[in-house]
Amino acid sequence: DAGVTQSPTHLIKTRGQQVTLRCSPKSGHDTVSWYQQALGQGPQFIFQYYEEEERQRGNFPDRFSGHQFPNYSSELNVNALLLGDSALYLCASSLELLSGETQYFGPGTRLLVL
Amino acid sequence: GNSVTQMEGPVTLSEEAFLTINCTYTATGYPSLFWYVQYPGEGLQLLLKATKADDKGSNKGFEATYRKETTSFHLEKGSVQVSDSAVYFCALSDPIGGGKSTFGDGTTLTVKP
Chain A
10 DAGVTQSPTH LIKTRGQQVT LRCSPKSGHD TVSWYQQALG QGPQFIFQYY EEEERQRGNF
70 PDRFSGHQFP NYSSELNVNA LLLGDSALYL CASSLELLSG ETQYFGPGTR LLVL
Chain B
580 GNSVTQMEGP VTLSEEAFLT INCTYTATGY PSLFWYVQYP GEGLQLLLKA TKADDKGSNK
640 GFEATYRKET TSFHLEKGSV QVSDSAVYFC ALSDPIGGGK STFGDGTTLT VKP
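Sequence order for the protein chains is A and B.
First residue of the first sequence? That's 10 in my numbering, and the numbers climb one at a time after it.
First residue of the second sequence? That's 580 in my numbering, and the numbers climb one at a time after it.
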């Protein structure tokens, strides 16, 4: 049973560019959440998708957008990249995320913006 | 809003020493509490969780008890090993917030032989 997978593993972009990160949830899971983890800090919640709709959103600008597909996989898009967007982006999946449900995290995509 | 505060690190211990990493939280509802571990270059792994007051989560010799009266969820292990060296994150999941997780800043543990 494959766990949460993310692609690519590493990415280098320049300021102003756009990037798309991809996530496949653990088999049987229908909810995907995205987190940004800056160096030396804890993950910060970006948004959560369930049934192809954005259900929750953290304090991130509209430059951060996402999508969930019918097979529950998800994409995170970031437009007009800033140096401060450099971070590890983590995807987490769960079954209809409620308090107490365990989220399973992928290995992350490390984004460097130059 | 919700917040999680962890003791500042880094923490360096000798093998077989006792470990405590403090964690306190602020939440609007009745959250579930979690400890995650992150090894270098990897994502987060759930270490243990507790979903209601006085519950004790345990795994691999680690324990933490959900203390509602002190809003705390301190992580403990009686005898650490070199392989426990990692970054540990305390987190909460609030049903009022739709289950999204709020994390502390992490505590780096180094265990020396």
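C-beta atoms are modelled at their ideal positions from N, C-alpha and C, and glycine is treated no differently.
Asked, Found
"Taking 9 Å as the threshold (C-beta atoms), are arginine 24 (chain A) and leucine 97 (chain A) in contact?", "no"
"Could you spell out where the beta strand (DSSP E) holding leucine 598 (chain B) opens and where it closes?", "598 to 600"
"Bridge partners of isoleucine 21 (chain A), per DSSP?", "A:Leu121"
"Hey, how far is the Cα of lysine 691 (chain B) from the Cα of glycine 657 (chain B)?", "15 Å"
"Under a CB-based cut-off of 9 Å, is tyrosine 604 (chain B) close to chain A?", "no"
"Please say whether tyrosine 615 (chain B) and threonine 630 (chain B) have beta carbons closer to each other than 9 Å?", "no"
"How would you write the range of the beta strand (DSSP E) that glutamate 84 (chain A) sits in, first residue to last?", "83 to 87"
"Under 9 Å, do serine 102 (chain A) and histidine 19 (chain A) count as touching if we go by C-beta distance?", "no"
"When you compare each of A:Gln27, A:Gln26 and A:Pro34 to glycine 117 (chain A) by their alpha carbons, which one comes out closest?", "A:Pro34"
"Glutamine 50 (chain A) and glutamate 61 (chain A) look like a contact to me (Cβ under 8 Å); what is the Cβ gap, rounded to whole Å?", "With 8 Å as the limit, glutamine 50 (chain A) and glutamate 61 (chain A) do not qualify as a contact, their Cβ atoms being about 30 Å apart."
"Below 9 Å between beta carbons: does that hold for leucine 654 (chain B) and glycine 588 (chain B)?", "no"
"With threonine 681 (chain B) and threonine 650 (chain B) assumed to form a contact (beta carbons below 8 Å), what rounded beta-carbon distance in angstroms separates them?", "Contact doesn't hold; Cβ gap of about 13 Å is too wide."
"Does DSSP classify valine 659 (chain B) as helix, strand or coil?", "coil"
"Would you report the Cα separation of threonine 584 (chain B) and valine 661 (chain B), rounded to the nearest angstrom?", "25 Å"
"From A:Lys22, A:Gln26, A:Leu30 and A:Ile21, pick the residue whose C-alpha is nearest to that of serine 82 (chain A); which is it?", "A:Leu30"
"Less than 9 Å between CB atoms is the rule here; does glutamate 110 (chain A) satisfy it with respect to chain C?", "Any reference to chain C falls outside this structure, whose protein chains are A and B."
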